[in-house]
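Residue numbers (UniProt numbering): 1 to 521. Note that CB positions come from ideal geometry on N, CA and C, so glycine has one too. In what follows, a structure is listed as structure tokens, so that the remarks can point back to it.
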DNA sequence: GCCGCAGACTCCATGGAGTA
DNA sequence: TACTCCATGGAGTCTGCGGC
């Protein structure tokens, strides 16, 4: 039987690179020097001592354990197998035992095809050539133009591969039970990309609880895949609320399992309840009481018809979305017909996947973001545009072409109060890419009609400032900033300097005029 | 070679943002 | 209260430097 350790240990390098780029505090340690064996890891935690590095001969922690002899002697171990450098120099026997984090790769046995009867009584064939532990690619849907409307063709989904992976884990547990060995489930951390073994029995109660919870979740996923049903995280939680204690615990483990398998959450037939709303195009809101239509999961879409749409507006808050839907702005806009979308705050996966599909189907339609002029608004926009660190392993969820419509400093600064142009305006004027609305604000002595004034601003809280600083740090760590990200940096600096923020609702009275002006520009 | 202990790291709880 | 996202910090684990 092939062992789970070998294939689960394969981390897509892109994840590591992405997490390094996206994390403001990421640090990639240099390889350790001994024996040329490189131990590279990516940390998402703040580096409290950046001066420490391998060159100075300091510690390099890794979940790949040191040999038992070096561990006992507390000396540096290069982890070279079968005999590490320290042991070979001292002529010692070297052994890598079964302490926590130990990879079981060395004990794996090549599998032959086996048949399993799963819990639903269905026989699953596990092939060694396309083994149960090969990296599965997430199910992908491809937009195809038919009669002027994009419809989606189903790509290769791999439920059988996931079922086989889960059954492989269960097989290993059964084997361990029969041999009276410690039971283990390998799990890969989304933060570090490292694999750890969740064991039973464990030194800690939390470890035993995690093992049991993982087993329960794997069982739910297996049942869902075998029966072809979709389960929600909430469903899984209610399977055993006493065990899970909170849904957040289930959320985290489900995403960790998806990351460990190298697939998206969808491939596990696990979904979160729909959160986003859409209005316009072929998403008819008649009879929907002006609430918009819940964003469907991409796998259940027959197609989208946005061919007559000129723009797509992604709105942070539902209240603004509803007022625009109620006024049928998506039909009556001066910029032509468009689409309104909201995910009600930080976007869920379904909304991000939907937008990604729309962008790949209709790349010529600009997608604009309307978010608060506060750190959370900007963080929400970046989640839409670049995704989130914790869901790095999910594919097709980013919107690199997302354009920031507002609210910006140029919408909140009154030129009569601030006679000198703002740093952003100066920058924009110098670079010659200033939007018309900004040019008006900067050059005119007349109060622009669709502009907020200082009375509508709120003071940043300490949390706001902390978030803004973290966001700035994240942007500064990004080496290849585009023009929009440079502008974002300036806006954040300005926000901190003024110690002010503004919400979209402040535009409510003049929202339509403001949008017409900005969308046409 | 032994081993105290500082630092790196993971896990997990908590709390904040948005919303219904 | 439910549900999505995020960040932070305490506690425990592991590594291995460096003093003896």
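Residue environment, residue 168, which counts as buried when at least 16 other CB atoms sit within 10 Å: For the purposes of this step, residue 168 is taken as residue 168 along the first chain, with counting starting at 1. Residue 168 counts as buried, since at least 16 other C-beta atoms from the protein chains shown sit within 10 angstroms of its C-beta.
Residue 311 to residue 357 span [Cα, whole Å]: To locate residue 311, count along the first chain from 1; it is residue 311. To locate residue 357, count along the first chain from 1; it is residue 357. When rounded, the distance between both Cα atoms is 15 Å.
Sufficient close CB pairs (3 or more, under 8 Å) joining the stretch 307-321 to the stretch 485-497: no
Residue from 236, 243 and 321 with nearest C-alpha to residue 278: Taking the first residue of the first chain as 1, we reach residue 278 at position 278. Considering only alpha carbons, the answer is 321.
Continuous beta strand (DSSP E) stretch holding residue 315: start and end: Your numbering for residue 315 matches position 315 in the first chain. Counting along the chain, the unbroken beta strand (DSSP E) around residue 315 starts and ends at 311-315.
First through last residue of the alpha helix (DSSP H) which encompasses residue 512: Numbered from its first residue, the first chain carries residue 512 at position 512. Here the alpha helix (DSSP H) through residue 512 covers 511-520.
N-terminal and C-terminal residue of the alpha helix (DSSP H) that residue 377 is part of: Residue numbering aside, residue 377 sits at position 377 when the first chain is read from its first letter. Segment 375-386, the alpha helix (DSSP H) holding residue 377.
Beta strand (DSSP E) segment containing residue 368, residue limits: As a working mapping, residue 368 is identified with position 368 in the first chain. 367-370 is the span of the beta strand (DSSP E), which, as asked, contains residue 368.
Beta-carbon proximity of residue 94 to residue 81, cut-off 9 Å: In the first chain, counting from the first residue as 1, residue 94 sits at position 94. In the first chain, counting from the first residue as 1, residue 81 sits at position 81. Cβ atoms of residue 94 and residue 81: closer than 9 Å.
Classification of residue 342 by the beta-carbon crowding that lies within 10 angstroms, buried from 16 upward: In the first chain, the residue the question calls residue 342 occupies position 342. So residue 342 ends up on the buried side.
Residue from 209, 265, 335 and 314 whose Cα sits closest to the Cα of residue 276: One-based indexing of the first chain puts residue 276 at position 276. When only C-alpha atoms are compared, the closest one is 314.
Extent of the continuous alpha helix (DSSP H) to which residue 85 belongs: As a first step, residue 85 must be located in the first chain, where it is residue number 85. Note, residue 85: alpha helix (DSSP H), 85-90.
Start and end residues, beta strand (DSSP E) containing residue 278: Mapped onto the first chain, residue 278 falls at position 278. Taken as a continuous stretch (DSSP letters only), the beta strand (DSSP E) holding residue 278 covers 277-279.
Nearest-angstrom beta carbon gap, residue 409 and residue 373 [assumed within contact, 8 Å]: Within the first chain, the letter at position 373 stands for residue 373. Within the first chain, the letter at position 409 stands for residue 409. Right, the Cβ-Cβ distance comes to about 7 Å (below 8 Å), so this counts as a contact.
Cutoff 7 Å; reference residue 66; Cβ partners in own chain excluding five residues on either side: Within the first chain, the letter at position 66 stands for residue 66. Counting only Cβ-Cβ distances below 7 Å, and skipping sequence neighbours, we find 77 and 79.
DSSP state of residue 346 mapped onto helix, strand, coil: Position 346 of the first chain, counted from the start, is the residue given in the question as residue 346. Coil.
Cβ-based burial, residue 350 [other Cβ within 10 Å; buried from 16]: Here residue 350 refers to the residue found at position 350 when the first chain is read from its first residue. When all chains shown are included, residue 350 counts as buried.
Neighbourhood of residue 355 by C-beta, 6 Å cutoff - its chain only, sequence neighbours within 5 removed: For the purposes of this step, residue 355 is identified with residue 355 of the first chain, where counting begins at 1. Excluding residues within five positions, the ones whose Cβ falls inside 6 Å are 399.
7 Å CB neighbourhood of residue 377 in its chain, flanking five on each side removed: Taking the first residue of the first chain as position 1, residue 377 is located at position 377. The answer, listed in chain order, is 316 and 371.
Counterpart residues of residue 458 in DSSP-defined beta bridges: Locating residue 458 in the first chain gives position 458, counting from the first residue. In DSSP, residue 458 forms a bridge with 501.
Rounded straight-line distance, which links the Cα of residue 185 to that of residue 176: Here residue 176 corresponds to residue number 176 of the first chain, with the count starting at 1. Here residue 185 corresponds to residue number 185 of the first chain, with the count starting at 1. So the alpha carbons of these two residues sit roughly 11 Å apart.
Integer Cβ distance of residue 352 from residue 329, believed to fall under 8 Å: One-based indexing of the first chain puts residue 352 at position 352. One-based indexing of the first chain puts residue 329 at position 329. That pair is no contact at about 23 Å.
Under 9 Å between C-beta atoms of residue 471 and residue 375: In the first chain, counting from the first residue as 1, residue 471 sits at position 471. In the first chain, counting from the first residue as 1, residue 375 sits at position 375. Result yes, Cβ atoms of residue 471 and residue 375 sit closer than 9 Å.
For residue 405, the residue or residues it bridges with in DSSP: The residue given as residue 405 occupies position 405 in the first chain. In the DSSP output, where bridge partners are listed per residue, residue 405 has none listed.
Opening and closing residue of the alpha helix (DSSP H) in which residue 329 lies: If you number the first chain from 1, residue 329 lands on position 329. That run of the alpha helix (DSSP H) goes 329-332.
Residue 334 and residue 519 closer than 9 Å at C-beta: Numbered from its first residue, the first chain carries residue 334 at position 334. Numbered from its first residue, the first chain carries residue 519 at position 519. Yes.
Whole-angstrom distance between residue 380 and residue 407, CA atom to CA atom: On the first chain, position 407 is the one that residue 407 refers to. On the first chain, position 380 is the one that residue 380 refers to. Residue 407 and residue 380: Cα-Cα distance of roughly 13 Å.
Inter-residue spacing [alpha-carbon to alpha-carbon] between residue 387 and residue 397: Along the first chain, one-based indexing puts residue 387 at 387. Along the first chain, one-based indexing puts residue 397 at 397. Roughly 6 Å between the two C-alpha positions.
Helix, strand or coil at residue 236 [DSSP, three-state]: Translated into the one-based positions of the first chain, residue 236 becomes position 236. DSSP places residue 236 in helix when its eight states are reduced to three.
Helix, strand or coil at residue 325 [DSSP, three-state]: Here residue 325 corresponds to residue number 325 of the first chain, with the count starting at 1. Residue 325: helix per DSSP, three-state reduction.
Cβ-based neighbour list, residue 218, same chain, cut-off 6 Å, excluding 5 preceding and 5 following: Your numbering for residue 218 matches position 218 in the first chain. So the qualifying residues of the chain are 166.
Buried versus exposed, by CB contacts within 10 Å (16 or more), residue 483: The count along the first chain starts at 1 and reaches residue 483 at position 483. Looking at its Cβ environment, which holds fewer than 16 other Cβ atoms inside 10 Å, residue 483 is exposed.
Continuous alpha helix (DSSP H) stretch holding residue 174: start and end: Numbered from its first residue, the first chain carries residue 174 at position 174. Note, residue 174: alpha helix (DSSP H), 159-178.
Buried versus exposed, by CB contacts within 10 Å (16 or more), residue 331: Taking the first chain and counting its residues from 1, the one referred to as residue 331 is at position 331. Per the 10 Å Cβ criterion, exposed.
Exposure label - residue 72; buried when at least 16 CB within 10 Å: Taking the first chain and counting its residues from 1, one reaches residue 72 at position 72. So residue 72 counts as exposed.
Whether residue 251 touches residue 281 by CB criterion (9 Å): Translated into the one-based positions of the first chain, residue 251 becomes position 251. Translated into the one-based positions of the first chain, residue 281 becomes position 281. Contact: no.
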